[in-house]
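Step one of this worksheet: look at the structure below.
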Amino acid sequence: MKFRLMLAFASTLFCVAAQAGEVTVAVAANFTAPMQKIAKAFEQDTGHKAQLAFGATGKFYAQIKNAAPFAVLLAADDETPVRLEKEGFAVAGTRFTYATGRLALWSKQPHLVDEKAEVLRSHSFEKLGIHKIAMADPKLAPYGAAAMEVIHKMGVQTHVIPKLVQGESIGQTYQFVSTENAQLGFVALSQISVDGRITQGSAWVVPQSMHTPLKQDAVLLNAGKDNAAAHALLKYLKGDTAKAIITRYGYAL
Amino acid sequence: MNLSAEDFQAIALTLQLASVTTVLLLLLATPVAWWLAHTHSAWRAPVASLVALPLVLPPTVLGFYLLVALGPNGPIGQFTQWAGWGTLAFSFWGLVLGSVVYSLPFAVQPLVNAFEAMGPRPMEVAATLRASKWDAFFTVAVPLAKPGFVMAAMLSFAHTVGEFGVVLMIGGNIPDKTRVVSTQIYGHVEAMEYSQAHGLAGVMLVFSFVVLLGLSWFNRRPHRHATRHPKASA
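Quick look at the structure:
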């Protein structure tokens, strides 16, 4: 008992000395890997600890409106933070884009996808062994909406749309293509590249000019208003260490 | 209630999926349940556990394994390609396969209970009257186990209608082909189309309630034993 008390006392002392706080962050699932790296660096550099919860942005929105204890939201889009701010659940003026997603047309097979995405213009998918083309549900996921824009911009909708299968998220879309149940699919560049290199198969990195930018915005939530660690994290996300990690994972800034 | 044409498509497809699945399940579960009810083999426990697995596995795990197995490099995918059917993911028959796995314990367990409750006597008596094994099965065992069959059919049907995780994982959300009621509701909710979600969810709620009400009414009638819920005994 005595030992425990001393331990508690010592740890309180230590916390005060380092002025370390804790911040609970809701992180869009597609940003899982870079955020884990960033949280580690953040803890080392500032002494603050970031507790990360990963999930779908739409679900976080519903949870935040029902008093979830998140101090910061790293959304998968730029609409949810705006909406939260308008509805009074986020601190006005704290929104910013922490990363911009990149879209890629990807296949597990090498050489199937060329650099100009001619494969999408092909009128004989079956001959190429392409039975299904995957994308995220455009209604539910920004990556899906962007993919639909690209398909229309290329004018290939009449023969691509009958081949489409839709994942409920970009994560599920990736599973469809990586298990080769779909031979081709629109995924996030961050899912298939490391340090700017495609790790397997073949891909076309969609030029950003072909779709609405996939801006992912961060915002300080009401629960984090007076939390020093939350303010520090938002600042840290704009710094060079975080930016280097973010670009390494296939996001634009 | 304002159901759209797509909602009705999803309802029709769901009923079709549940019907096909229920018929296949009764055909498959009957011999499995008969064996489980009568065997003293050392394999009984492993097989019973395997059958009960879908009760405890998260549907997303089940769905993911199915996705891998159905793919061109998976064992099922290699077989279906060899047979000339292509791969089954994103097709109606893929959903049927997934549903059969998913609802298997709900068909097997009531039948095991029914066969066990019957005891060995009726079959022994039939044998002394020189009935062949098949004859005894169809004229003695099946009528005696009828409540178990009804229970297995109702539970399989209802459970398949309510299935979500597996169809989400291997369905691909194709209207009129793989988009069922549960995934349609999920889409409405995620897209914040709450009024549309309400309409369809209301249909689902009423349906589920009626099925459960029917089951409990069926269970309460006298002389209808052997109809325990699988979760209670698995």
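Note that the protein sequences, when read in sequence, are chains A and B. Counting from 1, position 89 in the first sequence corresponds to residue 89 in the UniProt record's numbering; the numbering is continuous, with no gaps. Counting from 1, position 146 in the second sequence corresponds to residue 146 in the UniProt record's numbering; the numbering is continuous, with no gaps. From the three backbone atoms N, C-alpha and C, an ideal C-beta is built for every residue, glycine too. This structure is a prediction, so every number in the text was calculated from the model and none was measured.
Between the beta-carbon of B/V181 and the beta-carbon of B/A10, is there less than 8 Å? In contact: B/V181 and B/A10 (Cβ atoms closer than 8 Å).
Residues of chain B with CB closer than 9 Å to the CB of A/Q51, please, in chain order. Within chain B, no residue comes near A/Q51; the closest Cβ sits about 24 Å away, beyond 9 Å.
Can you check DSSP and say which residues form a bridge with B/V167? Answer is none; B/V167 lacks a bridge partner.
Starting from A/V91, trace the alpha helix (DSSP H) both ways and give me its first and last residue. Note, A/V91: premise wrong, no alpha helix (DSSP H); not H, not E.
Around the Cβ of A/R121, are there at least 16 other Cβ atoms within 10 angstroms (buried) or fewer (exposed)? A/R121 comes out exposed.
Amino acids of chain A, ordered along the chain, whose beta-carbon sits closer than 8 Å to that of B/N173: Those within 8 Å of B/N173 in chain A are D137, V165, Q166, G167, E168.
In chain order, which beta strand (DSSP E) runs of at least 3 residues are fully inside the stretch 121 to 164 of chain B? Note on the stretch 121 to 164 of chain B: there is no whole beta strand (DSSP E) run with a minimum of 3 residues.
In the DSSP assignment, find the unbroken alpha helix (DSSP H) run with B/V96 in it and report its ends. Residues 92 to 118.
Compare the C-alpha of A/E79 against each of A/G58, A/G93, A/I133 and name the closest. Residue A/G58 is the option with its Cα nearest to A/E79.
Partners in chain A for B/L67, counting only beta-carbon separations shorter than 7 Å: Below the 7 Å Cβ cutoff, chain A contributes Q175, T179, N181 as neighbours of B/L67, in chain order.
Quick check: the stretch 151 to 165 of chain B against the stretch 17 to 25 of chain B, are there 3 or more CB pairs under 8 Å? The stretch 151 to 165 of chain B, when compared against the stretch 17 to 25 of chain B, does touch it at the 8 Å Cβ threshold.
Any beta carbon from chain A within less than 8 Å of B/E116's own beta carbon? Closer than 8 Å: no.
Show which residues of chain E have a CB atom less than 8 Å away from the CB atom of A/L112. The structure shown contains no chain E; its protein chains are A and B.
Helix, strand or coil at A/Y249 according to DSSP, with G and I counted as helix: Correct three-state label for A/Y249: coil.
Give me the chain A residues within the contact set of B/L168, using Cβ-Cβ distance strictly less than 7 Å, ordered along the chain. The answer, in chain order, is E168.
What does B/G71 touch in chain A if you count any residue whose Cβ is under 7 Å from its own? Going along chain A in sequence order, the residues near B/G71 (Cβ under 7 Å) are T179, E180, N181.
Within the continuous beta strand (DSSP E) that includes A/A35, where are the two ends? Here the sequence assigns Met to residue 35 of chain A, which means Ala is not the residue at that position. Taken as a continuous stretch (DSSP letters only), A/M35 belongs to no beta strand (DSSP E), being part of the alpha helix (DSSP H) at 32 to 46.
In this structure, does DSSP put B/G202 in helix, strand or coil? It is helical.
If you draw a straight line from the C-alpha of A/A252 to the C-alpha of A/T199, how long is it? Cα to Cα, A/A252 sits roughly 18 Å from A/T199.
Collapsed DSSP secondary structure at A/L105 in the structure displayed: Residue state for A/L105 is assigned as strand, using DSSP reduced to three classes.
State the beta-bridge partners of A/K215 as determined by DSSP. Paired residue(s): A/T100.
I need the boundaries of the alpha helix (DSSP H) containing B/S19, first residue and last residue. Start and end: 5 to 38.
Taking the straight line between their C-alpha atoms, what separation do you get for A/A33 and A/R102? Distance between the alpha carbons of A/A33 and A/R102 is about 15 Å.
How many Å lie between A/D240 and A/K225 at the Cα? The straight-line gap from Cα to Cα measures roughly 24 Å.
Along chain B, which residues have their Cβ under 9 Å away from the Cβ of A/K132? By Cβ distance, chain B contributes T87, A89, F90, G172.
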